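**Q** Can you read through this structure? Questions will come right after.
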Amino acid sequence: MTDSIIFDMDGTLFRTDTILEHALEETFDYLRDLKAWSAETPLQAYRAIMGVPLPVVWDTLMPEHTDQMKHEANAFFQKQLIQNIRSGKGQLYPGVTELLTYLKSKGFTIYIASNGEIEYLQAIVEHYSLDSWVTKTFSIQHIQSQSKTDLVAHIIRTYDIRRAAVVGDRLSDILAAKKNGLLSIGCRFDFAQEEELRQADVIVNHLVEVQDYIH
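So the number in this note's numbering is just where the residue sits in the sequence shown, counting from 1, plus 205.
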């Protein structure tokens, strides 16, 4: 019997698209002010890699820039994201609170495993009171590698989890489930890609459907 559910955050519980593009535009405006960027904001390139660890994001978007400039861009980006969250510009996906309430009422333990940074994730958890349902939120910063598979393995070891499901929208979530022997539930949401979702054990179009696949 499944006893734990591990959720991805961005693109699964939290509608990152509601704050992402604005924060990214602000970041590249900042870089333009520094004379460190002259082209358009690479929104499409970011959408294609949504969900990967942030060091990979900046290596992809700014491959010719120094590590220091990438660090500066990331710091500004994080600041803008958090500001947008705290000002109420973000949104949870429909059905999040209903699903989490249902899962907790049925005795499931709920965790979040995300490639997002700690302060960013905490801003979401605090603004939406997710800790009312979630036992702990784990960031990729909690481990040494940049692997979602390793992060899920860390959660399993920490809480001695026997059977669980991983719910997420990207291939990293699906592989994190499969490589750890867990059920993978793919979410066909904003940043999901069909070729990645096909590798999931099951696919949902709405979060409420998750409860149909856990026992």
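Idealized CB from N, CA, C, for every residue including glycine. Keep in mind the model is a prediction, meaning the values are calculated, not measured.
1. Count the other CB atoms within 10 Å of the CB of alanine 280; is the residue buried (16 or more) or exposed (fewer)?
2. Candidates Asp238, Ile361, Leu335: which alpha carbon is nearest glutamate 303's?
3. Please look up how many angstroms separate the CB atoms of alanine 405 and valine 357, rounded, as I've assumed it's under 8 Å.
4. So, are the CB atoms of valine 371 and serine 389 less than 7 Å apart?
5. DSSP on serine 344, reduced to helix/strand/coil?
6. For leucine 297, list the residues DSSP reports as bridge partners.
7. Could you give the first and the last residue of the continuous beta strand (DSSP E) run that contains phenylalanine 212?
8. Closer than 6 Å by C-beta to methionine 255: which residues in its own chain qualify, once you throw out the five before and the five after it? Chain order, please.
9. Short of 8 Å in beta carbon distance, which residues of its chain neighbour serine 243, apart from the five on each side in sequence? Order them along the chain.
**A** According to the structure shown:
1. exposed
2. Leu335
3. With 8 Å as the limit, alanine 405 and valine 357 do not qualify as a contact, their Cβ atoms being about 14 Å apart.
4. yes
5. strand
6. Phe219
7. 209-212
8. Excluding positions up to five away in sequence, the list reads Phe396.
9. Arg237
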